[in-house]
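Engineer: Below is one structure. I have some questions about it.
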Amino acid sequence: MWEDRVGTKSETVRNVVERGAVRKFAQAIGDLNPLYLDPETAARSRWGRLIAPPTFPRVFDFGTIPGLPLPPAGIIHGEQSYTYTRPLHVGEEVDCYTIFQESYSRKGSGGTLNFLVFERVGEDTAGERIFTSRDVLILTETVAAGVES
Amino acid sequence: MNAAGSPWQVGDRLEELRLPAVDRMSLVRYAGASGDFNPIHVVDEQARRTGLPGIIQHGMLTMAQMARPLSPYLANGYIEHFRTRFSGMLFLGDQLSIVGQVTVVEEVGDGARIAFDLQATTSEGRSIAKATLRFRWLNP
Numbered sequence: 001m002w003e004d005r006v007g008t009k010s011e012t013v014r015n016v017v018e019r020g021a022v023r024k025f026a027q028a029i030g031d032l033n034p035l036y037l038d039p040e041t042a043a044r045s046r047w048g049r050l051i052a053p054p055t056f057p058r059v060f061d062f063g064t065i066p067g068l069p070l071p072p073a074g075i076i077h078g079e080q081s082y083t084y085t086r087p088l089h090v091g092e093e094v095d096c097y098t099i100f101q102e103s104y105s106r107k108g109s110g111g112t113l114n115f116l117v118f119e120r121v122g123e124d125t126a127g128e129r130i131f132t133s134r135d136v137l138i139l140t141e142t143v144a145a146g147v148e149s
Numbered sequence: 001m002n003a004a005g006s007p008w009q010v011g012d013r014l015e016e017l018r019l020p021a022v023d024r025m026s027l028v029r030y031a032g033a034s035g036d037f038n039p040i041h042v043v044d045e046q047a048r049r050t051g052l053p054g055i056i057q058h059g060m061l062t063m064a065q066m067a068r069p070l071s072p073y074l075a076n077g078y079i080e081h082f083r084t085r086f087s088g089m090l091f092l093g094d095q096l097s098i099v100g101q102v103t104v105v106e107e108v109g110d111g112a113r114i115a116f117d118l119q120a121t122t123s124e125g126r127s128i129a130k131a132t133l134r135f136r137w138l139n140p
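Going down the list, the protein sequences come from chains A and B.
1 is the number of the first residue of the first sequence in my numbering; add one for each residue after it.
1 is the number of the first residue of the second sequence in my numbering; add one for each residue after it.
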């Protein structure tokens, strides 16, 4: 059902690392690091400006893989990774897109589990990569059947 | 400090981070801040409909909490790689604690790369997530 979409790329969406969004995010994760929140402390740091928490890209729009059937509910988040070349800067623009990287299934005791792997990329406006994320989503047999019907 | 300027050596443990019991407001706050309004994290009825006893914490909130012990070091470097595997569900009232150990210290020209294993476990000993994290330490 998904195999023929592997390798498909989404459109690119330009996101902004908004200062207010970073503050709200830092408060929600309970990490009140002055490098996220206080412009004066951040300006004196080696980064010279405010930065964002490592999992902040969760808020970005990474586009949509065209024609990929996904269930409305019941997706399990199995694994998540982020790889960075530098911290994200507050105020910067980030071009984001998704590649549907892999699809495979495994037989488990409770039936077949379907794994969908997405690579999500954030680049600066010059096209230099800032981070890559990899999401592994798991669909149980029941949930996958809901997509097919 | 060792020769690389890293504040850590292999085998060092991060100070344990004990989080307050999961409450509804903190999940609503994370839903708003992240934009993840999947109802299984905020609406009991929807969570029960999918077979859960109640709402569960976002895996991505757990992941964010797992990085917190490294936050004080962000003035001296950044998180280069961070991979989390989610193994259990966290319910209202559960108390999470985050522990971590240094597994590798590698000297590089301008600093070091320090690898950590991190574990997120409830006070009852249930494993919620395991992570590997590589911190890129930059000499001042």
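Cβ coordinates follow ideal geometry from the N, Cα and C atoms, glycine included.
The structure displayed is predicted, hence computed values, not measured ones.
1) So if I threshold CB-CB distances at 9 Å, which residues from the segment 54 to 65 of chain B count as touching chain A?
2) Ordered along the chain, which non-local residues of its own chain (more than five positions away) have a Cβ less than 8 Å from that of B/Q65?
3) Quick one: is B/D110 buried, meaning 16 or more other Cβ sit within 10 Å of its Cβ, or exposed?
4) Which stretch, first to last residue, makes up the beta strand (DSSP E) that contains A/K171?
5) Examine chain B for any beta-carbon lying closer than 7 Å to the beta-carbon of A/I29, and answer yes or no.
6) Among the residues of its own chain, which have a CB less than 6 Å from the CB of A/L137, if the five just before and after it don't count?
7) Please check if any C-beta of chain B sits within less than 7 Å of the C-beta of A/R58.
8) Using a cut-off of 7 Å between C-beta atoms, extract the partners of A/R86 located in chain B.
9) Please report whether the beta-carbon of B/Y30 lies at a distance below 7 Å from any beta-carbon of chain A.
10) Hey, quick one: how far does the beta strand (DSSP E) through A/E93 stretch, first residue to last?
11) Which residues, in chain order, does the segment 43 to 55 of chain A contribute to contact with chain B at a C-beta distance below 9 Å?
12) Can you tell me whether A/L32 is buried or exposed? The criterion is at least 16 other CB atoms within 10 Å of its CB, across all chains shown.
13) Quick one: which residues of the segment 64 to 87 of chain A get their C-beta closer than 7 Å to a C-beta of chain B? List them in chain order.
14) Give the range of the beta strand (DSSP E) segment to which A/R134 is assigned.
15) Cβ closer than 8 Å: which chain A residues qualify as neighbours of B/A47?
16) Can you list, in chain order, the residues of its chain whose CB lies under 8 Å from that of B/T62, leaving out five sequence neighbours each side?
17) Chain B beta carbons: is any one of them nearer than 7 Å to that of A/N15?
Structural biologist: The structure says:
1) Along the segment 54 to 65 of chain B, going in chain order, the ones with a CB nearer than 9 Å to a CB of chain A are H58, G59, M60, L61, M63, A64 and Q65.
2) L17, L19, L96, I98 and A120
3) exposed
4) Nothing about residue 171 of chain A can be read from this structure; chain A reaches only from 1 to 149.
5) yes
6) The answer, listed in chain order, is I75 and L116.
7) In terms of beta-carbon proximity, A/R58 lines the interface with chain B, with at least one pair separated by less than 7 Å.
8) Y78
9) yes
10) Per DSSP, A/E93 belongs to the beta strand (DSSP E) from E93 to G108.
11) S45, R46, W47, I51, P53, P54 and T55
12) That one is exposed.
13) Under the 7 Å Cβ criterion, the segment 64 to 87 of chain A contributes A73, G74, H77, G78, E79, Q80, S81, Y82, T83, Y84, R86 and P87.
14) Here the beta strand (DSSP E) through A/R134 covers R129 to L139.
15) In chain order: nothing, as chain A lies at least about 10 Å away.
16) If you ignore the 5 residues before and after B/T62, its C-beta comes within less than 8 Å of the C-beta of T84, F86, L90, L96, A120, I128 and A129, all in its own chain and listed in chain order.
17) no
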